[in-house]
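See below for the structure under consideration.
There are 2 protein chains.
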Amino acid sequence: MAFGVVIMNHAELDQAQKMLWKLIRLGSLAQVRNGLRKMHPADVAGLFPHLRATEQLTLIDLLFEEQLAARTLKALPENLLKELLEKIEDQKLAMICTRLSPDDAVDFLGYLPEERKERILGLIEAKPKQELETLLLYPEDTAGGIMTTDFVALPEYLTVRETMEFLRQRKRGEDVFYVYVVDARGHLVGVLPLRNLVFWEPEQRLREVMIPNVVRVQTTMQQEEVAHVVAQYDLLAVPVVDEENKLVGVITVDDVIDVIEEEATEDMYHLANLDTDEHVFTPVLRSVRLRCPWLLVNLATAILAALTVSLFEETISQYVALAVMMPIVAGMGGNAGTQSLTVVVRGLALGELDFSQGAKALFKEIRVGLLNGIVNGVVMGVIAYVWYHNLWLAMIMFFAMIANLVIAGLFGALVPLGLRWAKLDPALGSSIFVTTATDVGGFLVFLGLATMLLRYLK
Amino acid sequence: MAFGVVIMNHAELDQAQKMLWKLIRLGSLAQVRNGLRKMHPADVAGLFPHLRATEQLTLIDLLFEEQLAARTLKALPENLLKELLEKIEDQKLAMICTRLSPDDAVDFLGYLPEERKERILGLIEAKPKQELETLLLYPEDTAGGIMTTDFVALPEYLTVRETMEFLRQRKRGEDVFYVYVVDARGHLVGVLPLRNLVFWEPEQRLREVMIPNVVRVQTTMQQEEVAHVVAQYDLLAVPVVDEENKLVGVITVDDVIDVIEEEATEDMYHLANLDTDEHVFTPVLRSVRLRCPWLLVNLATAILAALTVSLFEETISQYVALAVMMPIVAGMGGNAGTQSLTVVVRGLALGELDFSQGAKALFKEIRVGLLNGIVNGVVMGVIAYVWYHNLWLAMIMFFAMIANLVIAGLFGALVPLGLRWAKLDPALGSSIFVTTATDVGGFLVFLGLATMLLRYLK
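Chains as they are written, first to last, in the working numbering: chain A, 808 to 1265; chain B, 808 to 1265.
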């Protein structure tokens, strides 16, 4: 909010971005510079995908000179940022990292190859370097990995007057909304929301005015759990402590929003058998490399379904209508299975379902499958009768539909619960398992029934 | 954060919740009351799913008496809250609504049937009632529908001293982090982050110390766009203005987190052909009612696929291996289509892709489909040859796989882009369209080729 003109509506923003885009293309750098000073870095970031590679580098140079590079790059989508970081000189990147808040700098460094990361760290001054090196030790997806060390912690014996004096002198850093209070050994003992400053008397000590019980998380907590805590208690920031309750960092709500979006993308991608490294504009060859292994696994399981069908070649050759009905069996099982799977995976992700209630969820999905199987079985039975004028075929379709949707409910719930039980991601690869189960199970019941009743079908 | 003991780790929280649960079951209400005062309302909320219906009502009564009902109910998941609201007496619910912040009260009222909503509004005092009635006029999923009217706006000519005086006297309301500054006609002209209070002199006027350009949204903006704005600019709150730039409300970041989770759920659910009203523990019959229409639509499109196959009954009856290969064609097309679909839907949702880049995304998905088709086609061709010792079948599988995955990429991108172009939800029903396209297209190519080359197959 401390930046120049913030544009308030789409039309204005569009116009300003287009203007800047034209100025860059024309090479009117003085005017571009002027424009950059007036726009919010997040809006300048929006321009990058529309620029040619050389223009992107020119813009980064200008931003760097205007000391806006850190704030602008930070607002880029991850995939684009990774590409651009490859092209920025080491010296500049080191400068940019020192201007970022430590948590963002660590993210930037995390995108680089190991060797280059070391080189850049070597270019950073001792103090920030040490801070970054400590942060880099935490796994990326834990509280330690997403926290910043840029926070205000003050000893409990300080007075309100001294605190205000301290804050006035402090300049750099992210927006401060809370001051954390620590005891002599650095243990977190309380918090002061700065908005409450107006209520305090200058000579009161922090320990008298602080809120003594603070929601906190440990460095080792998984990032999605941190997001749960922040969402659950409606926090703007959550302090991070080590195993001895010493305050070591803070996670702010804007980073939590990123985590929530990242986790949602991950679940969606895993349900669709996609790698989380992929984005809509990932280069074609890389997309192929990322998707192909999944497709090959799917091919292997599709062959399982084909093998099931091959058991019944003789039956099908005698009554080809069965081959016509096969896509219906597979399609319905797949769809119903995906429904159950998605409800359970999302329930687990949102914390609406924990493992202890697994049996309840499983039983529910089976019953839903049974009832939906009856409804769709009746409809399909009637259609099959009208189509082939064969009551036995209609009955086989009716029972096959029920069996198929019960299998879909059973495996749609069982697979993600089983993965969670094994401490794996409940979404990962689950749709392949479920589809295999509905295909194989569905064909077995459908073609098995048909084989038993073959003499009535012909 | 203003509540009693906040429990900091899972084990402690678990223990405290279990203790409270036991006390409720035993009916030791005095001790329950004592426990409630010590726990965070969000943690008490976590107890509800584990209680019997009568216990839930007892707990609500106790919470009501302790003036904790509003804050606790607010933290419940939507589906459970809806159920409980049905059981709370009108008078109590009206009281609870007045204790909620207006945006939450409007959410609660929105869950009620029209007639009961009117009755409850009738029980609320004139002033808050009018506020709620105004908020209820905005569509639920717009900025107007999620904003609160509980914010601080002060005229620009006020001094810092007067502002601090005002804040000291103000009691009720959500956490205040920003004071908004308005001109004589109520137009939003600036913002004061309260943390900056320490930097100001008492006699300065607000217009001198405020940040003049504020990111703002209009009442009509869609909630997912609001979430984009807040995430993009890393805001803690965003002011909402009407078409004349008059400040009418504020949206805080905790509500934005809810929007982001809601939108992610919606996309996932729509990709899986689920209604957003469903949750993991929605009662069985209601789940059946919500899923069945989708399954019937899917049945209709599966019949289209079956009709396609029926065009080739003669071919299949002469060479049954084709029926065996069918699940592979359908399965691979479905999986590849879902991959393309998910990448495009998520790209649109995260704003990484806008409609103007649609052709680029479409073209990319087609090329990915082509290359993946070649890889999987070779693998499948070899397998088909080993299986049936027929080079023609292997070649048909090779070409069918390529055609099928190109169709998957084409429709996987085209369907969500088309839906967005028609101003519909890009995820809604899209997987049914895509699967139909890959099934029908895949079978046409596969069985069509087989029919043309039938004499070499036999």
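A virtual CB, placed ideally from N, CA and C, is assigned to each residue, including glycine.
- Listed along chain A, no residue sits closer than 8 angstroms to C904(B) by beta-carbon distance, the nearest being about 19 angstroms off.
- Counted as a single uninterrupted DSSP element, the stretch harbouring Y1192(B) is not any beta strand (DSSP E) but the alpha helix (DSSP H) occupying residues 1165–1195.
- Note that the C-beta distance between R1174(A) and V1091(B) is below 8 angstroms.
- Beyond the five residues adjoining it in sequence on each side, E1073(B) comes within less than 8 angstroms, by CB distance, of T1083, D1232, A1234 in the same chain, given in chain order.
- Just measuring C-alpha positions, the residue of V986(B), D948(B), D957(B), T949(B) sitting nearest L965(B) is V986(B).
- Taking a C-beta cut-off of 7 angstroms against chain A, none of the residues of the segment 1196–1222 of chain B qualify.
- The Cβ atoms of F1218(B) and G1144(B) sit closer than 8 angstroms to each other.
- Leaving aside the five residues that flank L1111(B) on each side, the residues in its chain whose CB is nearer than 8 angstroms to its CB run, in chain order, T1243, D1246, V1247.
- Identification of chain A residues near H1035(B) by a Cβ-Cβ cut-off of 9 angstroms yields none; the smallest Cβ-Cβ distance measures about 10 angstroms.
- The count of Cβ pairs closer than 8 angstroms, one atom from the segment 1008–1018 of chain B and one from the segment 957–976 of chain B, reaches three, so the stretches are in contact.
- For secondary structure counted as the beta strand (DSSP E) over 3 or more consecutive residues, the segment 1020–1052 of chain A holds these complete runs in sequence order: 1044–1048.
- Taking all protein chains shown into account, P1100(B) has fewer than 16 neighbouring C-beta atoms within 10 Å of its C-beta and is therefore exposed.
- Proximity of T1027(B) to chain A, defined by a Cβ-Cβ separation below 8 angstroms, is not satisfied.
- Counting C-beta pairs with one atom in each stretch, the segment 1020–1028 of chain A and the segment 911–926 of chain A have fewer than three that are closer than 8 angstroms, which means they do not touch.
- Only those residues of the segment 1093–1125 of chain A whose C-beta falls short of 7 angstroms from the nearest C-beta of chain B are listed: S1094, V1095, R1098, C1099, L1102, L1103, N1105, L1106, A1109, I1110, A1112, A1113, V1116, S1117, E1120, I1123, S1124.
- Within the segment 871–897 of chain A, complete alpha helix (DSSP H) segments of at least 4 residues are found at 876–881, 885–894, given in chain order.
- In terms of Cβ geometry, L1103(A) and N1003(B) do not form a close pair [threshold 8 angstroms].
- For the pair A1210(A) and V1241(A), the CB atoms are not nearer than the 8 angstroms cut-off.
- Going by DSSP, T1122(B) is part of the alpha helix (DSSP H) stretching over 1120–1125.
- Following the DSSP letters along the chain, one finds P920(B) in no beta strand (DSSP E), marked with neither H nor E.
- Contact of R859(B) with chain A is not assigned, every C-beta pair being separated by 8 angstroms or more.
- For the segment 836–851 of chain A, the residues whose beta carbon sits under 7 angstroms from a beta carbon of chain B are, in order, H847, A849.
- A1130(B): member of the alpha helix (DSSP H) spanning 1128–1156, first to last residue.
- When rounded, the separation of the alpha-carbon atoms in F1205(A) and E1172(A) is 19 angstroms.
- Inter-segment contact for the segment 953–963 of chain A and the segment 1044–1059 of chain A is present: three or more beta-carbon pairs are separated by less than 8 angstroms.
- In the three-state scheme derived from DSSP, where H, G and I count as helix and E and B as strand, I931(B) is classed as coil.
- Residue contact check for V1005(A) against chain B: a CB pair falls below 8 angstroms.
- In the three-state reduction of the DSSP assignment, T966(A) falls in the strand class.
- At a cut-off of 8 angstroms between beta-carbon atoms, R923(B) makes no contact with chain A.
- In this structure, Y1126(A) is the residue among Y1126(A), S1237(A), G1225(A), Y1195(A) with its C-alpha nearest to the C-alpha of L1261(A).
- Against chain B, the CB of V1189(A) has no partner CB under 8 angstroms away; the residue lies outside that interface.
- Excluding five sequence positions before and after L1221(A), the CB atoms of its chain that fall closer than 7 angstroms to its own CB belong to L1169, given in chain order.
- Straight through space, the alpha carbons of L891(B) and L943(B) are spaced by roughly 21 angstroms.
- With a threshold of 8 angstroms between beta carbons, Y987(B) makes no contact with chain A.
- Residue state for H994(B) is assigned as strand, using DSSP reduced to three classes.
- When rounded, the separation of the alpha-carbon atoms in L1118(B) and P1134(A) is 14 angstroms.
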